[in-house]
Amino acid sequence: MESFEPVVVAFVCNWCTYTAADLAGTSRLDYPPNVRLIRVMCTGMVDPQYILKALLEGADAVLVSGCHPGDCHYINGNYKARRRIKLLKEILPQFGFEPERLQLTWIGASDGIQFAAIMRALVAQVTALGPSQARSAMIV
Amino acid sequence: MVAAIEVHDHDLTAAFRTLSTAVLTLETIDAVFVPMRLPCGSAVMPTLVTDPAHLERIDPLAPSFALNAAKVVGQLTRNRKAGIGKIAVLLRPCEIRAFVELVKLNQGQTENILIIGSDCLGAFTNHDYFAFAQAKGEDASRIFYQSMLSGQEAVLEGINLSGACRACESFLPTGADLAVRLWGVATERHILLEAQTDKGAALLEKLQLPTGQVPSEREGVVHALVDQRTDYRDAMFAATAAAIGTLEKLAAYLSHCVNCYNCRVACPVCYCRECVFTTDLFDHDPLQYLSWAQRRGAVKLPTDTLFYHLTRMAHMSTACVGCGQCSNACPNGIDLMPLFRLVAHRTQGVFDYKAGEDLAAKPPLTQFKEDEFQEVVGIGE
Amino acid sequence: MLHSATERKGEGVSLEAHTASVRQMMRACIQCGTCSASCPNAGAMDMTPRRIWRCVQMDSFEEIFTSQTFTLCSSCYYCSLRCPRGLQPADAMAALKCIAAARQMPQHRSSTLFYRYFLRSVRRNGRVHEMEVMTGYFAHMKNPLLPLRYASLGWKLTSKGKISLPRPARGKGKLDALFAKVAQVEEEN
Amino acid sequence: MENSNTALVVGAGISGIRAALDLAESGHRVVLVERAPHLGGILSQLDRQFPTNRCGMCRMLPAFERDAASQACLRRGLFHERIDIRLSTQITALSGAPGHMQVSLRTAPNGVDARRCVGCGECAEVCPVVVPDPFNAGLTTRKAIYQPVPHDRSTGYVIDVQACTQCGVCASVCPTQAIQLAQDGRRKFHILVVDDELVVRDSLKEWLLAEGYSVRMAASGAEALEMLSGQPVHLMLADIKMPGMDGVELLQRSRQILPELCVLMMTAYATVETAVEAMKMGALDYLMKPFDTAAMMDKVAAVFQEQMAEQDESIAVGAVILACGSDYFDPRRGKNPYGYGTCPHVLTQLEFERLLSGSGPFGGALLRPADRRPVGKIAFLQCVGSRDLQSDADFCSSVCCMIAIKQARLARERGGAQLAATLFHMDLRTAGLPYQRWGEAACEQDQLRLVRGRVHSLLADPASGDPVLTWLGPDGQITGETFDLVVLAVGQRPAQGLAPLAEMTGLSLNPWGFVRTQAHSLVRTDQAGILVAGACAGLKDINESVIQASAAAAEAGRILHATGGTLSVAADAARTPPRDLSADPPRIAVALCTCDGALNAEGAAAALEARLNQDPCVSRIVFLNRLCTDDGWRTLVDGLNDPQANRILLGACRSDAFTPRLRALVAENGLPSQMVEAVDLRIYDREPSAASRQARVATDLAMAVARLKHAEPVRPPGVSVVQHALVVGGGIAGMQAALSIAERGYLVTLVEKQASLGGNLHWLRQTLDGADLTALLADTIDRVAHQPLIHVHLQTEVQSAFGQVGHFYTTLAPAKAAPHILEHGVTVLATGCGEASTAAYGYGTHAAVVTQKELEVRLADQRIDPQQLGAVVMILCVASREAPRSYCSRVCCPTALKQALTLKRANPATAVYILYRDMMTCGFSETFFTQARREGIVFMPYATDAKPRVTADATQGPCIRTMDSILGADVEIRVDLLVLATGLVPELPPELATAYGAQLDEDHFFRPADFKWRPVEALTAGVFACGCALSPRGVAESIATAQAAAQKAVGILRRPTIAPDAVTATVRRSLCSLCERCIDACPFGARALSPEQDQVLINPAMCQGCGACAAACPNGAAVVSNYSAGQMLAMIAEVVKCDV
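Chains as they are written, first to last, in numbering that gives the first Met the number 0: chain C, 0 to 139; chain X, 0 to 380; chain R, 0 to 188; chain A, 0 to 1139.
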């Protein structure tokens, strides 16, 4: 069997996690290319629709990552994001999406090492899960 | 405060007529909004009445639930400028709950209305009701409520309550100003009225009705019914969960969907003026379809079917009141109600929220706390 | 009996006047306790140095002089070295000793006498002569039981050869100039 | 005569950045110079800040005209259209008068061409030189070529000239040839060695050649002179003792030929005096034989640097702000009782900060640096080199207590429940408004143990090496305890280089070597035109630094305005109006820099082109090389010259670096700024295979195409601004705010409810340091009266108000006239505070019990005669710093000292006792605390659970009993006067604040958008507060807040309209159901229902583009431009589609 390369869509906030991602890059910390970053201004702007879209398009996992509580450039966007993730984490598993396929993390601007570590761990988790059921679905 | 309206000749509809007429004749009330049997057939529809003479055709206990009237009440009240006057509305409990949700979404106002809610006896599906009304004619409603209240087998002529009603454990009108009590009440003698708010109490006072007393056996009757409904509901949840456990199964469940979006039109809490799925956002580029097909080998059109239903769950499941109108509305017979109720049960549960129950409770996604749901943060290495 | 200039000066001076210099020295103390925690003799003191300075600030000199703390200061100067305010607690301790001597405070008679015989021995011999110090001290204290208290320590020291019998003092008179100068300075102040 | 409208800001730490941004926001140009090769100063090393343990640095960025500045974490660098940032640069000369100053700047060459460096790091990989990394306070190492702040790619790599051995390996691996080692330069640097001894000549030649210099040799003075007249010589090394012409003569004669020649004398010990003489004759320095090679090479290198450095650049500026920060006490100095540098488990606060950082030595894991053992017990020792007369520090360093609390809490967060922290202190200085509660929370939630007492020294446990501390507890018990780690709160010291700078500029320094500011001002120095911000006038926390920096900007702006500086509004207006693209289908022009072929590895360019061409919206693709060069840029400009293209996509290395120029280009083309995207092509250089690298680049380009394709060309209209300010409250803060706005040329209405201006200055006479407040009041009132742009309304109150930034409507109600409506663009609330009332300690029952204010007044009107006072007790923190008023009022401790010293000096016989909890004499006011003790004032701490008790009977004076923990007993004091410090309470009516969209905090002070980073403005734009409406503070601090608030206000008032930025929310009315979820979701109050209640309106100036509204809206009626659902869904589809 061909080795499975998962696709992880990561919505990262412009302020903290994106800085950490960049820091990981400049610190020459490798993280798997399976993670595709979509920079958003704030995790609070991540509409549940975007997550559903990514999963239905065939992403094997979606990560939303932003500032730690209290760090949000926009004061409270990350709290709002957390509720939305909670909501989707109630809905999606009912349709067979494993909980690992939707993740939320807080990664601060200086946490380049953590960023790389989390990406590696996440890709490992998803690789172990195997391809998402949505990859080949005919009805989307 | 409890009042009673006498029932003569087992005619509960007449008692409702008495109540509505009395309310409408009050100076403070400009109109009543009640279910009426339309003159031109068996259909029972919400009607705005200003002339008491028209209340002759009132039919609140018909097993008909053509639409959830919450949206209409919203339309009657949502204009924030000078209202159209005071209206008393007679609603089913699930209509009240939906209306409460709409008020939270600024799609309706409670200021100028007085909500009269009735213990709900349930209803048939639209399809079943047509058949039943055809068969029973003018007596359809009386046969239905007598059968229900006597505790006999609900099935009549092989027709049972709709799935939504059989799974409904919230058949008492919470959130009404004035509640009409039927379950466990000696309805052969009277129906009871109970004020649930100050507004309701004031109205009841004006009506100058003889006082009544809620019989002690009511509690037992209600309890038993709640248990029965809950059992049904849980069985339904289990069956549905099994039927949708994977994306493939969900797709099968929804395979007859033609993206007509009737379910969202019928949904009382789907309040968008225009659904996002009907906006230009989903006017895909022709190349896009080809790209989807190429990636998967084949793609069903119209696309975005699962996307639509899942999005609706994300948007509206925390406001779902379980009225079942989505199932009623589907032209292709997809039973959406069990699916949505199941999802709603879960999502409302995690936020400790019950749609429509409390006007003061803020919808889950409009608030947050600083230290909550820590369990969803982190990838659990 | 020979009294030092300090002791002679004490006569007829008010306590307040006597203690003015100590007040001046320790007023700015912030009670951080650095001196007390630093002090190697703190364990033997009945009152922490910090408390002494607090008493100085509060003008409770009576309380200070009921304590033996200042007499136990061995002038190691750790406290002065470490005081964050740059104060000189060791000097203040010395000043307190002087005041106690000058005012011939009965409660400090014992240590005043001890100091006196100690210094006298040093002056005479150019170094301390333990036997001489103790003999003079015991004689002056006129307490027949007092030597017994030191008996055990005395035997221990003697057995280790730490205490020798009087010998002709080689340093005799060599420190006279130094003592004279001190006396002169004390007189002038 | 016009001035340059440019201000110079020296130092790019937080204060410098704040001042520079403020000036830029108010339309001025700024040159921001920084000695270090990076921005951010100390804050680049601090991840979290008190009192939140969070970071909010990005909140410093402009809230208006966001597009003019970078929109990213400040650790990643900073950009602003009007700020010219010069790193590794110092000022070397300064002259001229305010408005017309001339400054010389010298930039140290660092060997790497920043424009070419792509930040790949290949150079650092191969560099053989390893040195301690100052970014991690020496806890890790770095190479001689390095990135100064790891987050900040904008600086590129730089070379540590001191450490670099010039081996040249880095230059050989640099893929973009960005490294120009000084090696070549050194070869052109000719050194003439003159010595009669061959062996000396030979060894010198060998050393110098090895360092890369060119060397010539002469055996005698005569020979040397001959050579000097021939070829160029940059440096001569001359031996003193030579037969014939000696070194001194050679020096004299050579300087006749070449007056500028640098000469270093070489001397043996015997002739040192001659060498010193030679220096008087013009020799630069001397080298002692036998030679210390390293020291000698350093001296030669210094001459080389000096000689070969680029010429100083001279620039004209109107005002200068010094924000060069401070240094820290070196605990190794002096007696070093805590064994820093000896015991490896003793760290400074900065080192500990780095230990806690995710970018620190262990990625944030709390391990001991020396042995990597997990840390369980930490001791924080305060006042190391502060409040210590033995290290010449009769001052408090102001921030260390809070830093220690922060670090204790962070340590607990990292180390979990088993981590135990102990903080040794004398006074816990939690003097900021929210700090008291935060300190309490540290004790309650994080079990921080506070010990009042000083640890005298530190011993290492002989067996384990762990530090053992001994201290005297308040109970008189001596305790010894072993800790895993000891953290020293090292105090502030003046920045290195401040003294010479002061000398150059003529600035006065205070006794401790910090910049001395003028009375009542935190920013004015004794040199007109030179202002000061931040720690170079004494260490401050971020809140104070930011306020002071904004105040300095206000003063600088005032000078620029007064001397004829013009704002760059004209330049804004001159821009080409954007083309109307609403009807055009998207056509995207793509330009890709091949980066010397890096992009085209294995024919990738063609594949990329094919992939991009799949999208019919891509109208053309241009490949160009070396965009970083002027040639490359020209190719871009020519290549994009396509009138049909209405969107531009640029792919290059370090796209951020090109964004500013690209924006300018796009503006020239008449395209809105959201129609351009820049993609970084070189961040995937580390990918294992060319294929995966190409795939990622392709994905990023595809995403950018998707985003551009769905970009909405229309921008909402801007917000018009009524260029008129309202200041509510005519105390010193209100008056200063009005003056600072009016002095910039804008109308101000100043409203005061009393019959005269002045507020609390009516009764305050002077400050602790003796500055005259009566004169200040008179002078300020006079300036207000003579300022034609200020309209004063006395006996007038604000009746009601509504509106938003740009246009407020306020109904003013004068006492004796009809109410009228004022229209204004911004609001400044300066409603002040009053002394809290009390019923404690017998107040109100006995005439001898007074408040601090009453004492002040009665001393002034001589109702209290100090000669009559035998004993006085002052009780501090009356109902303050404990629930419900859990904040420090900051002014009471200094006031108590002031009053105590006044009484004591008037009558030395008066016994004065101050009963306190923690003396909050932060900064240089500590010296008055020392003075007070010296003058015999007795300070007695009390605990909240054992407060002083007062019995007052009418015949005798009040009697105070208090527990003295040191005496271990109650002390009883009968007094003639008992003074209570009741603290300050705000006088800001909540309805006034909310009318303007502002909010109050739990203590009823104005709630700032962010206590630290946006301290004088509300989260809702256009509303500011200053003075004690913000939090309790003294007069000079109030004036600073007023200047800061005025500066912020001017940033809005300066233009008639505020244009919306690229990322701004809009409403699609046809879809909107008016559910108002978006209004609830907006944290900035930018959304509101229209007065007709038929639509949701957005104030684009208030919108910050966070998208909370869009995510709350179920059907896309709330749209954030550049992040619209259409763009997002298209981008998602692209990233999922791309194969890895």
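Glycine residues also receive a C-beta, built at the ideal position from the N, C-alpha and C atoms.
Grab me the residues of residue i's own chain with a C-beta within less than 6 angstroms of its C-beta, minus the 5 sequence neighbours each way, in chain order.
i, result
"ARG692 of chain A", "TYR683 and GLU686"
"CYS958 of chain A", "THR950 and ARG973"
"SER131 of chain C", "ASP59"
Output needed for residue i: all residues of its chain with C-beta closer than 8 angstroms, excluding positions within five of it in sequence on either side, in chain order.
i, result
"ILE29 of chain R", "PRO83 and ARG84"
"ARG372 of chain A", "LEU366 and ASP483"
"ASP279 of chain X", "none"
"ARG34 of chain A", "GLY10, SER87, THR88, GLN89, CYS323 and GLY496"
Output, in chain order, the set of chain C residues within a Cβ distance shorter than 7 angstroms of residue i.
i, result
"MET1127 of chain A", "TYR49"
Strictly below 8 angstroms CB to CB, what residues from chain X border residue i?
i, result
"GLY363 of chain A", "Near GLY363 of chain A there are no residues of chain X at all, since even the closest Cβ is about 15 angstroms away, more than 8 angstroms."
"GLN124 of chain C", "ILE378"
Identify the residues that DSSP records as bridge partners of residue i: which are they?
i, result
"ALA61 of chain X", "DSSP lists no partner for ALA61 of chain X."
"HIS819 of chain A", "A:LEU811"
"ARG948 of chain A", "A:ARG960"
"GLY479 of chain A", "A:THR469"
"CYS12 of chain C", "C:VAL39"
Sorted by chain position, which residues of the same chain lie with C-beta nearer than 7 angstroms to residue i's C-beta, five sequence neighbours on each side aside?
i, result
"LEU47 of chain X", "ALA30 and PHE32"
"LYS79 of chain C", "GLY43"
Which bits of chain A does residue i rub up against, with CB to CB less than 8 angstroms?
i, result
"LEU280 of chain X", "GLY1115, ALA1124, GLY1125 and LEU1128"
"TRP14 of chain C", "CYS57, ALA71 and CYS72"
Below 9 angstroms on C-beta distance, what does residue i contact in chain A?
i, result
"TYR73 of chain C", "PRO1082, PHE1083, GLN1103, GLY1104, CYS1105, GLY1106 and ALA1107"
"GLN106 of chain X", "SER1072, LEU1073 and CYS1074"
Quick one, which residues of the region 62-89 of chain A are near chain C if we go by CB-CB under 8 angstroms, in chain order? Cβ contacts with chain C: GLN70, ALA71, CYS72, ARG74 and ARG75.
Going along the chain, which residues of the region 1062-1096 of chain A sit with their C-beta nearer than 8 angstroms to a C-beta in chain X? SER1069, LEU1070, CYS1071, SER1072, LEU1073, CYS1074, GLU1075, ARG1076, ASP1079, ALA1080 and GLN1092
Name the residues in the region 928-945 of chain A whose C-beta lies less than 7 angstroms from a C-beta of chain R; which are they? Within the region 928-945 of chain A, those residues whose Cβ lies closer than 7 angstroms to any Cβ of chain R are, in chain order, THR929, ARG932, ARG933, GLY935 and VAL937.
Could you tell me which uninterrupted beta strand (DSSP E) segments, each at least 3 residues in length, are contained entirely in the region 874-920 of chain A, listed from first to last along the chain? 910-915, all fully within the region 874-920 of chain A.
Residues of the region 536-553 of chain A with Cβ closer than 8 angstroms to any Cβ of chain X, in chain order: Against chain X - using a Cβ distance shorter than 8 angstroms - the region 536-553 of chain A contributes no residues.
Please name the residues in the region 1113-1126 of chain A whose beta-carbon is closer than 7 angstroms to at least one beta-carbon of chain X, in chain order. PRO1113, ASN1114, GLY1115, ALA1124 and GLY1125
So within the region 170-243 of chain A, which uninterrupted beta strand (DSSP E) runs reach at least 3 residues, ignoring any that extend past its ends? 189-193, 213-217 and 234-238
To be precise: take each residue of the region 29-49 of chain R, compare its Cβ to all Cβ atoms of chain A, and keep it if any distance is under 7 angstroms. Which residues remain? ILE29, GLN30, CYS31, GLY32, THR33, SER35, ALA36, SER37, ALA41, THR47 and ARG49
Note down, in chain order, all residues in the region 7-40 of chain C with a beta-carbon under 8 angstroms from any beta-carbon belonging to chain A. VAL8, ASN13, TRP14, CYS15, TYR17, THR18, ALA19, ASP21, LEU22, GLY24, THR25, SER26, ARG27, ASP29, PRO32, ASN33, ARG35, ILE37, VAL39 and MET40
Quick one: which residues of the region 93-120 of chain C get their C-beta closer than 7 angstroms to a C-beta of chain A? List them in chain order. GLY107, ALA108, SER109, ASP110, GLY111, ILE112 and GLN113
May I ask you to list, following chain order, the residues of the region 333-356 of chain A that have a beta carbon less than 9 angstroms from some beta carbon of chain R? LYS334 and PRO336
Ignoring anything shorter than 4 residues or poking outside the region 187-232 of chain X, list the alpha helix (DSSP H) runs there in chain order. 197-206
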